[in-house]
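3 is the number of the first residue of the sequence shown in the working numbering; add one for each residue after it. Glycine included, C-beta positions come from ideal geometry on N, C-alpha and C.
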Amino acid sequence: MAADSDAVAAILRRRADPTQLLQILREAQEARGWISPETARAIASGLGAPITRVESVVQFYSFLHDKPRGRYRILFSDNITDRMLGSLALFEHMLKRLKLSRGEVSPDGAVSVDLTSCTGTCDQGPAALINMRAITRLDARRVDELCDLVRAGVSVAEWPADYFRVEDNIRRAGALLGSHYEPGSALRAAIALGRQGMLDEMKRSNLRGRGGAGFMTSVKWESCRNAPGGERFVVCNADEGEPGTFKDRVLLNSYAERVFEGMGLAGFVIGAARGLVYLRGEYSYLLEPLEAKLEKMRRGRLLGASICGAQGFDFDIDIHLGAGAYICGEESALIESLEGKPGKPRIRPPFPVTVGYLGKPTVVDNVETLAQTTEIALHGGRAFAGRGTRRSAGTKILSVSGDCARPGLYEYPFGVRVEQVLMDCGASDVAAVQISGPSGVCLTPDEFRRHIAFEDVPTAGAFMVFGKERDLFEVARNFAHFFAHESCGFCTPCRVGTALMRDALDKIADGRGSRYEINELMRLAELMRRTSHCGLGQTAGNPVRDTWLKFRPAYERRLIRGEFDPAVDLDAALARAREIAGREDAGAHIGA
Ligand SMILES: Cc1cc2nc3c(=O)[nH]c(=O)nc-3n(C[C@H](O)[C@H](O)[C@H](O)COP(=O)(O)O)c2cc1C
Ligand code: SF4
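So, in C-alpha cells, the structure goes:
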C-alpha cells in the first residue's frame, strides 16, 4: 500500500495538474494493472479534485480498470478483418487453454483475455495486444506458445522480439511516402518563406484534411492565427480508431520527423509554441521511439527555442496517450481527453480554432495532413495542387486490408479508381469494398469505377475488401457492435440507437428477426443520422443501411415470415406458472 502511494506521489510530482489526469491514471495503473480505490483517492487528494472526477475518467476509458486485471492482459483485436483471418477461433482456443472465460481474471491473478476494438494492425492480423504491445499474425501454434509463456510466468519483456514485429507494409509509395526528405529541410524552407509566405503556399496547395472531414487546412490555420486569445496550440490527431485504418501507425513509425515537422510548420504559421500529439492507447508501443525522435530533434535545434536559429520561433511537442476510446478521435472529444476528462464531444460552435485546448485557439490536424504540409513547404503549394483532382489535391494513403493478396499501405494521387486499387492489391472475386471504415460507405462491383476523392468517394483511409464468399450481414453486425461499444453515451439517439441496432441485428442473426426489425433499423438509422450530437451517431447506421440496400439476400434468408417475433417467448416463460396453477388447458396458452 505504501509502495502504491509512493508511486502515486512520484507521478504527481511530475504531473501536478488536473489536465494530466488521464496520463496520471495511466501511469499509476502501469504499476499494479488497475486503479484501486486507494489509488483513486490518493490521486484525487493530490490534485485537489473531487473523487468523482477521477472515477468518471476511470470508468470512461476501456483501458483503465477499477478492478484487478491479470498481470498478462491479453486483448484480441475484434475488427471484422481479424475475424476473417480466424481471430475468434484463436481467441476461444486461448480461453480454453488457459481455462478462462472472456474477461475473467485467472484465480492466481496471472492473466485475463478479452476482445477489444480494432488495434490498427489489420494488414497483419489476426492481432492482439499483450500488456499494450502488439502481436501480429497469430495462429494456433503462436497462441499455444503464448499460453506456455504465460503459464511459465515469463515476463513479456523476455518474450521473443520477433513476436512484436509490426511491419510497415508499404506497397505503393507516392509523392509523400516515396520522396527523399531531410529532417529540418521543411522547417528551414518555411522560415525562408516567412509566416505569411508559408500560409500562402498552404492556400495554393488546396490541402484538405486527411482525417475524414476534408476541411481546407489553410482556412483552419488562418482562422486559428486570427482568433483572439494569446496562447495557441497545435494538436496532432493520432487517435486512428476507425476500424480498418492503420496508415497513421506507419507514418508515426517511419515518418515521425515529418509529422513533428508538420506540427512545427503549423506552430510557425499560427504562432503557437506548444504542440500535443494525441496517440491512441493501442499504439503505446510507439511512445518510446517517438520520444527518442523528439529528443533527437531537440538536439538538432528542430524543436525548442529559436528553431533552426530563427529568433522568436519557439516550439516543442508533448505526447499524450489515449486509453481505448474511439470517440476521442473526434476533435472536440480529443481536446476534452487532453484536458484529462472523459472524451465527450463538445457542443460546437465554438470550434477548436477559436476555443480549443484549455479554451485557447487550437489547430487539430490528422497525422497524414501534417506530414503532407512538409511537402508543401519543400516544393510549394502549386506543385502539390498539381497532383490529384481539382477538388482533392495531392495524394492519399489508403490502408488496404481484407480479402486481397497484398494488404498494406498504398499511396495514390486523389482520383484513383477503386478498381485500380483492387487490381494493385491483388483482389479478385470481390463482393464489396468498405471505404473509410464502418462510418464510411460500402461499394459493390457496379461502383468500382468510382474515384477516391472528396467529390466522389471520400475516405479517411480505410479500404476493406470483402470477397464473394463473405457474409455482408455479419460485417454489418460486427460494425453495429463496434458502434454500440464506442458510443460515449452523451446523447440519447446514439446511446440508445446504437444499442437497439446491435440488439436487432443479433436477433436477426438468431433467426428471430422479421421485416419489423428491418423497418425499425431503417427508421433508427435515419433518426440517428438526423439527431445525433456527433459524427459517430450520425454515421453509425450507414453499414446496416448500405448492406440492406445492396446485400438484401444476406438479411432475407435469416428473416422469419410474418411481421413480428417478440424478443421474449411469453408462453414459454409462463410454463412453470401454468404448471403450479394446474392450468394446462389449451385456453390458458397465449395465442391458443
Ligand atoms: C467519431 C469520430 C472519430 C474520428 N476519429 C478521427 C481519428 O482517429 N483521426 C483523425 O485524424 N480524425 C478523426 N476524426 C475527425 C476529427 O474530428 C477532425 O476532423 C480531424 O482530426 C481534423 O484533422 P484534418 O483536418 O487534418 O482531417 C473523427 C471524427 C469523428 C466524428
Ligand atoms: S453521437 Fe454518440 S458518440 Fe457522439 S456525442 Fe452522441 S452519444 Fe456520444
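In the segment 213–279, which residue ranges form an unbroken alpha helix (DSSP H) of at least 4 residues, counting only runs that do not cross its ends?
Counting whole runs of 4 or more residues, the segment 213–279 contains the alpha helix (DSSP H) stretches 219–228, 249–256 and 258–272.
Arg2 to Ala112 span [Cα, whole Å]
Here the chain comprises residues numbered 3 to 594, so residue 2 is not present and cannot be evaluated.
Segments assigned alpha helix (DSSP H), at least 4 residues, entirely inside the segment 277–316:
The segment 277–316 contains these whole alpha helix (DSSP H) runs: 289–301.
In this structure, does DSSP put Ala594 in helix, strand or coil?
Here the model assigns Ala594 a pLDDT of 41, short of 50, so the residue's position is not dependable and the matter cannot be decided.
Closer than 7 Å to a non-hydrogen atom of ligand 1 - does that hold for the CB of Leu538?
For Leu538, the Cβ falls inside the 7 Å cut-off from some heavy atom of ligand 1.
I want to check one thing, is the minimum distance from the CB of Phe217 to the heavy atoms of ligand 1 below 7 Å?
Phe217 Cβ: within cutoff of ligand 1.
Does Asn239 have its Cβ less than 8 Å from a Cβ in chain D?
Of the protein chains in the structure, only one exists, and it is not chain D.
Looking at C-alpha atoms only, which residue of Val261, Asp202 and Lys222 is the closest neighbour of Glu184?
The candidate whose alpha carbon is nearest that of Glu184 is Val261.
Nearest to Val56 by CA position, among Lys298, Arg75, Ala30 and Ala192, is which residue?
Answer by Cα proximity: Ala30.
Arg1: CB within 7 Å of a non-hydrogen atom of ligand 1
Any answer about residue 1 is impossible in this case: the structure gives the chain only from 3 up to 594.
What is the C-beta distance between Pro347 and Phe492, in whole angstroms, given that I count them as a contact (C-beta under 8 Å)?
Contact between Pro347 and Phe492 holds: their C-beta atoms lie close to 7 Å from each other, under 8 Å.
Status (buried if at least 16 other CB within 10 Å, exposed otherwise) for Gln313
Gln313 should be labelled exposed.
Leaving aside the five residues before and after Ser38 along the sequence, list all residues of the same chain whose C-beta is less than 6 Å from its C-beta, in chain order.
Cβ neighbours of Ser38 within its own chain (closer than 6 Å, five residues either side excluded): none.
Please report the distance separating the alpha-carbon of Thr461 from that of His453.
Their backbone Cα atoms lie some 11 Å apart in a straight line.
Name the two residues that bound the continuous beta strand (DSSP E) containing Arg174.
Per DSSP, the continuous beta strand (DSSP E) segment holding Arg174 begins and ends at Ile172 to Arg174.
Just mark His483 as buried or exposed, buried being the case when its beta carbon has 16 or more other beta carbons within 10 Å.
Answer is buried; the Cβ neighbour count reaches 16.
Quick one: grab the DSSP three-state call for Arg520.
The residue you asked about is not Arg; residue 520 is Ile in the sequence shown. Under the three-state reduction of DSSP, Ile520 is assigned to helix.
Taking 7 Å as the line, does the beta carbon of Ile285 fall inside it for any heavy atom of ligand 1?
The residue asked about is misnamed: residue 285 is Tyr in this sequence, not Ile. At a cut-off of 7 Å, the beta-carbon of Tyr285 does not count as near ligand 1: no heavy atom of the ligand is closer than that.
Check whether the segment 126–144 touches the segment 40–56, taking contact to mean three or more Cβ pairs, one atom from each stretch, closer than 8 Å.
Touching, no.
Rounded to a whole number of angstroms, what is the C-alpha to C-alpha distance between Lys249 and Ile399?
Taking C-alpha positions only, Lys249 is separated from Ile399 by approximately 7 Å.
CA-CA distance, Arg451 and Val423?
Their backbone Cα atoms lie some 10 Å apart in a straight line.
Spatial neighbours of Ala42 in its chain, beta-carbon cut-off 7 Å, leaving aside the 5 residues before and after
Leaving aside the five residues that flank Ala42 on each side, the residues in its chain whose CB is nearer than 7 Å to its CB run, in chain order, Ile53, Val56, Glu57 and Val60.
Would DSSP call Ile13 helix, strand or coil?
Ile13: helix per DSSP, three-state reduction.
On the three-state DSSP scale, how would you describe Gly361?
Of the three classes helix, strand and coil, the one that applies to Gly361 here is helix, per DSSP.
Using a Cβ-based criterion (distance less than 7 Å to any ligand heavy atom), does Val366 qualify as near ligand 1?
Yes, the beta carbon of Val366 sits closer than 7 Å to at least one heavy atom of ligand 1.
Cβ-heavy atom distance, Cys493 to ligand 2, below 7 Å:
If you check the C-beta of Cys493 against ligand 2, you find a heavy atom less than 7 Å away.
Do you know offhand how far Ala18's Cα is from Asp150's?
Inter-residue distance for Ala18 and Asp150 is about 41 Å (C-alpha atoms, whole angstroms).
Taking contact to mean 3 or more Cβ pairs, one atom from each stretch, closer than 8 Å, check whether the segment 112–130 and the segment 175–191 are in contact.
With contact defined as three or more Cβ pairs closer than 8 Å, the segment 112–130 and the segment 175–191 are not in contact.
Those residues which DSSP pairs with Gly390 across a bridge:
As DSSP reads the structure, Gly390 sits in a beta bridge with Ala395.
Which stretch, first to last residue, makes up the beta strand (DSSP E) that contains Asp150?
Careful: Asp150 lies outside any beta strand (DSSP E), inside the alpha helix (DSSP H) at Ala142 to Arg153.
Taking the straight line between their C-alpha atoms, what separation do you get for Leu90 and Ser256?
Cα to Cα, Leu90 sits roughly 31 Å from Ser256.
Quick one: what's got a C-beta closer than 6 Å to Arg547's C-beta in the same chain, skipping five residues either side?
Counting only Cβ-Cβ distances below 6 Å, and skipping sequence neighbours, we find Ala527.
Distance, Val252 Cα to Cys226 Cα:
The alpha-carbon atoms of Cys226 and Val252 are separated by roughly 28 Å.
For a test of your reading of the model: does the CB of Ile329 fall under 7 Å from any non-hydrogen atom of ligand 2? Yes or no.
Using a cutoff of 7 Å, the CB of Ile329 counts as near ligand 2, since one of the ligand's heavy atoms is closer than that.
Can you tell me which of the three DSSP states Asn81 falls into?
Residue state, collapsed to three classes: coil.
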